[in-house]
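Numbering (this note's numbering), first residue to last: 144 to 701.
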């Protein structure tokens, strides 16, 4: 398993080392200027579980607890729910993105939008994100204290998801509750890019965590003063968030001062969701469980935390590498925990005082903001790229070439256009067969023709238009012209057989390049380009695992 989340730094000089079971409390240097701080924080370890560095969104400390950015503070905030997250650079094992989000719940402006730096842990060179990419527009938006990162399906790249609020964009004033907008970024070996913004069409509160599920296919928002949790489907192969079918889970507490939702976390199997209300004074903090597999998910109370007179009873919920969910208790020297978070009901076993921290250290509201679905370190390449680290980049290059072709012919009129941004089809409920969709790309303009004595470069794209199945062992077994009446020295397609795609993830496409070489005077006529294919298996059983598509082609005289 991945060990990048093995060491935690949080609160006032508190830490945990998960190389032991139970984890060993440690002492760190993290500390806000006053106890009104430390909500957001982040830490990361190497593949062997050795602590690399940690941050509170303003300061970076290395594994020796030495400050590494004394003159250039980051643009997060001590009072931001998720002030920072640390994401590895897929293009350099020595580099990490430290990404920050501020908000307006604290009393001291300015309130900064998404930003960050790229850190080299060998030279400790710190490069501003604004010099590596063009940061997206923030006019008309207020920053929101929510940021998370998910590992891509290919186990190399990462998605970064943030939330904005429509409205006041003044750096000196913000909005506590307004219509939300998802903003999604992608990190690859080529760098970081802004992918898209997506209106949520509902109000999102400044306060509260944004979390991803361990299986990489769900997002949850603790929606603060709106007293609910929002759950969305997420495709970690395409980065698409499905806002049209989200689930709203309401906090059942009815008393006004007890309803804000702050901490949220998924169970290790991603089937259950936990959240906590944010209450001050001597009120009771409550832990709720939600069965996400139920037709109509609702909240069940599974634990309570009595506030001993501190600021708040319960803060962040964070899944640990040991499979337990840890619970921050503000201004206290112990953490609570959900010991069996995959178990439904009170059997999940909420322990109010699970672990005692080092003397002189305290937890506050926050626990480290971590990548929830890191791929196993021993996995070679993962996903459909196998052990070819350049497979995705190579496919993207072929896709870009195919898009330059003027003519696009689909194998089935019911197929969506290739390179779709999202797919809604569910193979189980659609009641149709599981054929992949092919498209044939050729021609450099409206007047282009396939001619005698011509070499025509063309592309075949195959798309999985379903969001719930994967094709395994997919390959083109033969590409021919029909009728096939000429010897190879007259018309030759290269390659013409055994073109492997290996596997095809949900809602994804792969493209391959071909050439039709024509060296004869008597080949003009009408043909069909016939593509035979097969696949070994799919996630769900299908009766038909092979097929054939064809494209009409005319070769004209010179």
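C-beta atoms are modelled at their ideal positions from N, C-alpha and C, and glycine is treated no differently.
Rounded to the nearest whole angstrom, the CA to CA distance from residue 401 to residue 291 is 26 Å. Taking 3 residues as the minimum length, the beta strand (DSSP E) runs contained wholly in the segment 427-476 are 427-434, 442-449, 460-462 and 468-470, in order along the chain. In this structure, DSSP gives residue 491 a helical state, which the three-state scheme calls helix. If the five residues before and after residue 542 are omitted, its C-beta is found closer than 6 Å to the C-beta atoms of 654, all from its own chain and listed in chain order. In the DSSP assignment, residue 195 falls within the beta strand (DSSP E) that extends over 194-198.
Residue state for residue 420 is assigned as strand, using DSSP reduced to three classes. Here residue 218 has 243, 245, 255 and 258 as same chain residues with Cβ atoms under 7 Å from its own Cβ, once five neighbours each way along the sequence are excluded. Here residue 170 is near residue 156, since their CB atoms are less than 8 Å apart.
Rounded to the nearest angstrom, the gap between the Cα atoms of residue 225 and residue 408 is 14 Å. Taken in chain order, the unbroken stretches of beta strand (DSSP E) that lie wholly in the segment 298-327 and span 3 residues or more are 301-309. A direct Cα-to-Cα measurement between residue 436 and residue 597 gives close to 57 Å.
Of the candidates 625, 650, 174 and 230, 625 places its Cα closest to the Cα of residue 674.
The C-beta separation of residue 448 from residue 495 comes to about 6 Å, placing the pair in contact by the 8 Å criterion. Secondary structure of residue 156 (DSSP, three-state): coil. By the Cβ criterion, the segment 352-368 is not in contact with the segment 264-278, since fewer than three pairs of Cβ atoms, one from each stretch, lie closer than 8 Å.
Assignment of residue 292 by DSSP, reduced to helix, strand and coil, places it in the strand class. In the DSSP assignment, the residues bridged to residue 642 are 619.
For residue 655, the enclosing beta strand (DSSP E) covers residues 651-661. Here the segment 382-394 makes no contact with the segment 453-468; the two share fewer than three CB pairs at distances below 8 Å. Taking C-alpha positions only, residue 413 is separated from residue 215 by approximately 38 Å. Looking from the CA of residue 379, the closest CA among 593, 425, 515 and 323 belongs to 515. When DSSP states are grouped into helix, strand and coil, residue 410 belongs to the coil group. Within the segment 201-256, the complete beta strand (DSSP E) runs of at least 3 residues fall at 203-205, 227-231 and 238-243. Between residue 238 and residue 262, the beta carbon gap of about 7 Å places them in contact (Cβ cut-off 8 Å). If the five residues before and after residue 287 are omitted, its C-beta is found closer than 8 Å to the C-beta atoms of 244, 246, 305, 306, 307, 308, 323, 347 and 349, all from its own chain and listed in chain order. DSSP places residue 546 in the helix class (H, G or I) of the three-state scheme. In terms of Cα proximity to residue 145, the closest of 231, 201, 207 and 175 is 231.
Between the C-alpha atoms of residue 419 and residue 505 there is a straight-line separation of about 20 Å.
The Cβ atoms of residue 394 and residue 442 lie closer than 8 Å to each other. Put simply, of 364, 463 and 639 the residue whose alpha carbon is nearest the alpha carbon of residue 376 is 364. Going by DSSP, residue 373 is part of the beta strand (DSSP E) stretching over 371-378. The three-state secondary structure of residue 145, taken from DSSP, is coil. Counted as a single uninterrupted DSSP element, the beta strand (DSSP E) harbouring residue 271 occupies residues 269-271. In this structure, residue 693 and residue 672 form a Cβ contact; the two beta carbons are roughly 6 Å apart against a cut-off of 8 Å. In this structure, DSSP gives residue 415 an extended state, which the three-state scheme calls strand.
Counting only the Cα atoms, residue 482 lies some 7 Å from residue 468.
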